[in-house]
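In what follows, a structure is listed as structure tokens, so that the remarks can point back to it.
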Amino acid sequence: MPMILILYFVLSSFFLLFPNVLEIVVACRNRAKTSSFFYYFIAQNVVSLISYFFYNLLWRLTLYPEYNGFFILMDKGIGRWIHAPLLYLGVVHEFILAFIAIDRVFVVVHDIHHKMNWKRLFYVSILMSFGFAFLVTWQTFFRDVAFFALKHNNTTVIVSALVDGGPEIKLAVNMSAALMTNTVISLGCYAAAYIYWKRKWTNSISANHELKFVWLALFSFISTLPLTIHQLIFTYTSFAGIRWAEEPLIFMFQLLPWLVDLKYFAVVYIVVGMSKSFRNECIKTVKDGFRYIVPTTLSTSINNNVNVTPIIVTQRLTPSQPTTETTANQ
Numbered sequence: 001m002p003m004i005l006i007l008y009f010v011l012s013s014f015f016l017l018f019p020n021v022l023e024i025v026v027a028c029r030n031r032a033k034t035s036s037f038f039y040y041f042i043a044q045n046v047v048s049l050i051s052y053f054f055y056n057l058l059w060r061l062t063l064y065p066e067y068n069g070f071f072i073l074m075d076k077g078i079g080r081w082i083h084a085p086l087l088y089l090g091v092v093h094e095f096i097l098a099f100i101a102i103d104r105v106f107v108v109v110h111d112i113h114h115k116m117n118w119k120r121l122f123y124v125s126i127l128m129s130f131g132f133a134f135l136v137t138w139q140t141f142f143r144d145v146a147f148f149a150l151k152h153n154n155t156t157v158i159v160s161a162l163v164d165g166g167p168e169i170k171l172a173v174n175m176s177a178a179l180m181t182n183t184v185i186s187l188g189c190y191a192a193a194y195i196y197w198k199r200k201w202t203n204s205i206s207a208n209h210e211l212k213f214v215w216l217a218l219f220s221f222i223s224t225l226p227l228t229i230h231q232l233i234f235t236y237t238s239f240a241g242i243r244w245a246e247e248p249l250i251f252m253f254q255l256l257p258w259l260v261d262l263k264y265f266a267v268v269y270i271v272v273g274m275s276k277s278f279r280n281e282c283i284k285t286v287k288d289g290f291r292y293i294v295p296t297t298l299s300t301s302i303n304n305n306v307n308v309t310p311i312i313v314t315q316r317l318t319p320s321q322p323t324t325e326t327t328a329n330q
């Protein structure tokens with residue numbers, strides 16, 4: 001069984017992490033001609049990569065009996081530093097999704113203003129995402145977490161619990177407000193973008209280029225909804241005082257790692273599948289060995305001793321009629 005787990009993690013790391021890193025490299029290589037969507041995409045993927053380590057520890061390894069003793073004997077302070085970063089980064093990811101939706105409706109409604117201001121707004125929104133997420137989850141960094149076994153028939157799942165609070169379902173309350181707020185903001189922005197697109201959208205090359213990223217952002221947001229619904233169900237039952245039976249509770253915990261995979265990594269395959277140009281750039285990057293290629297310009301060509309034929313433009317004005325002669329110095 002341990003060898004099967006090792007093989008599983010190797011394969012999952014390849015199919016989840018490699019495309020993620022590849023798309024970050026591609027977006028960085030083409031940042032000069034990149035839409036603001038890919039700047040947010042890079043930030044979102046970096047958060048996803050860091051979260052991958054924490055949620056595998058907390059929500060995937062805890063499903064396997066071979067690691068029961070490891071978690072049950074874990075120090076409560078160490079458990080906190082696994083649980084708190086995962087919750088924090090999850091909320092950061094939600095805020096980034098909300099700002100992506102705001103950016104997309106901004107580019108649809110005010111394309112010109114967006115081109116002039118989007119870089120500054122991007123950095124501000126990323127700082128706000130990390131700041132707001134800390135305001136939502138700061139208490140979890142100061143609360144110890146212990147682990148206990150949840151058993152039913154032959155199934156055992158390790159569940160985390162706050163030392164000075166309730167079990168895991170209580171912890172979902174901390175992020176329910178952020179989940180609801182960001183979901184409402186995102187849905188509202190995409191609805192507004194769709195309505196404006198139907199009524200006033202200009203059929204230009206740049207406009208259609210940005211519109212494609214609106215659909216990419218929308219589908220990436222939809223991929224996060226199953227985990228959001230899962231967390232909100234826990235929150236509702238906690239407030240309502242509904243006590244879960246062991247079998248459905250174990251099933252809900254078994255769903256977590258797959259819903260997290262869908263949330264963090266579905267966007268990678270959505271972007272590759274829907275954007276042919278980006279897919280070609282990914283293939284080109286792999287063939288180039290992930291090297292960063294500096295775009296060739298006239299100045300770089302001269303510095304690299306490339307033979308360039310200069311163009312000399314001279315003007316000869318006469319009292320009767322101005323003319324322009326263009327000669328090439330071979």
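Under the numbering used here, the residue at position 54 of the sequence shown is numbered 54, and the numbers go up by one with no gaps.
All C-beta atoms, glycine included, are put in the ideal place defined by N, C-alpha and C.
Any non-hydrogen atom of the ligand SAM within 7 Å of residue i CB
{"i": "I222", "result": "Looking for the ligand SAM in the displayed structure turns up nothing, as the structure carries no ligands at all."}
Three-state secondary structure assigned by DSSP to residue i
{"i": "T155", "result": "strand"}
{"i": "S48", "result": "helix"}
{"i": "L73", "result": "coil"}
{"i": "S160", "result": "strand"}
{"i": "T300", "result": "Any reading at T300 is ruled out, since the residue's pLDDT is 39, under 50, leaving its predicted position unreliable."}
{"i": "T309", "result": "Because T309 sits at a pLDDT of 46, beneath the cut-off of 50, its placement in the model cannot be relied upon, and the point is left open."}
{"i": "C28", "result": "helix"}
{"i": "S35", "result": "coil"}
{"i": "D288", "result": "coil"}
{"i": "I169", "result": "Since pLDDT at I169 reaches only 49, below the 50 mark, its modelled position is unreliable, and no value is offered."}
Nearest residue (CA-CA) to residue i, options the options
{"i": "H83", "options": "D144, F41, F134", "result": "D144"}
{"i": "F99", "options": "Y123, F70, G77", "result": "Y123"}
{"i": "V260", "options": "I158, L216, H93", "result": "H93"}
{"i": "I50", "options": "F132, L17, C28", "result": "L17"}
{"i": "M180", "options": "K115, L61, L97, F71", "result": "L97"}
{"i": "K121", "options": "F106, L135, G131, F134", "result": "The sequence shown places Leu at residue 121, rather than the Lys named in the question. For the residues F106, L135, G131, F134, the minimum Cα distance to L121 belongs to F106."}
{"i": "N153", "options": "V91, W197, F251, I42", "result": "F251"}
{"i": "P257", "options": "F141, C282, G273, H230", "result": "H230"}
{"i": "S160", "options": "T183, E246, L58", "result": "L58"}
{"i": "K287", "options": "F15, L11, H113, L22", "result": "L22"}
{"i": "L61", "options": "S223, S186, I158", "result": "I158"}
{"i": "F142", "options": "L211, T224, G79", "result": "G79"}
{"i": "L187", "options": "F221, E66, Y196, T156", "result": "F221"}
{"i": "A43", "options": "F130, I102, Y269, F53", "result": "F130"}
{"i": "L89", "options": "H113, K119, A133", "result": "A133"}
{"i": "E281", "options": "C28, F14, F253", "result": "C28"}
{"i": "Y39", "options": "I24, S48, F53, H113", "result": "I24"}
{"i": "L135", "options": "K76, K284, R279, A177", "result": "A177"}
{"i": "L255", "options": "F234, A217, H110, V272", "result": "F234"}
{"i": "L249", "options": "L150, V91, Q139, V47", "result": "L150"}
{"i": "F148", "options": "L127, I72, Y196", "result": "I72"}
{"i": "I102", "options": "C189, L86, T155, Y196", "result": "C189"}
{"i": "Y264", "options": "F253, L227, F213, N182", "result": "L227"}
{"i": "A217", "options": "L86, S35, N56", "result": "S35"}
{"i": "W197", "options": "F278, V109, N182", "result": "V109"}
{"i": "T156", "options": "P65, M74, R104", "result": "P65"}
{"i": "Y52", "options": "N68, K76, S125, L86", "result": "L86"}
{"i": "Y194", "options": "W215, A266, T183", "result": "W215"}
{"i": "A183", "options": "T224, R199, A146", "result": "Residue identity check: residue 183 is Thr in the sequence provided, not Ala. Among T224, R199, A146, the Cα nearest to that of T183 belongs to T224."}
{"i": "G77", "options": "T137, M128, A146, E247", "result": "A146"}
Per DSSP, the bridge partner or partners of residue i
{"i": "L150", "result": "V157"}
Problem set entry | Minimum length 3: unbroken beta strand (DSSP E) runs contained in the segment 51–139 | Fully enclosed beta strand (DSSP E) runs of 3 or longer: not present.
For this session: Scan the segment 209–249 and note each continuous alpha helix (DSSP H) run of 4 residues or more that stays entirely inside, going in chain order.
Result: Listed in chain order, they are 225–240.
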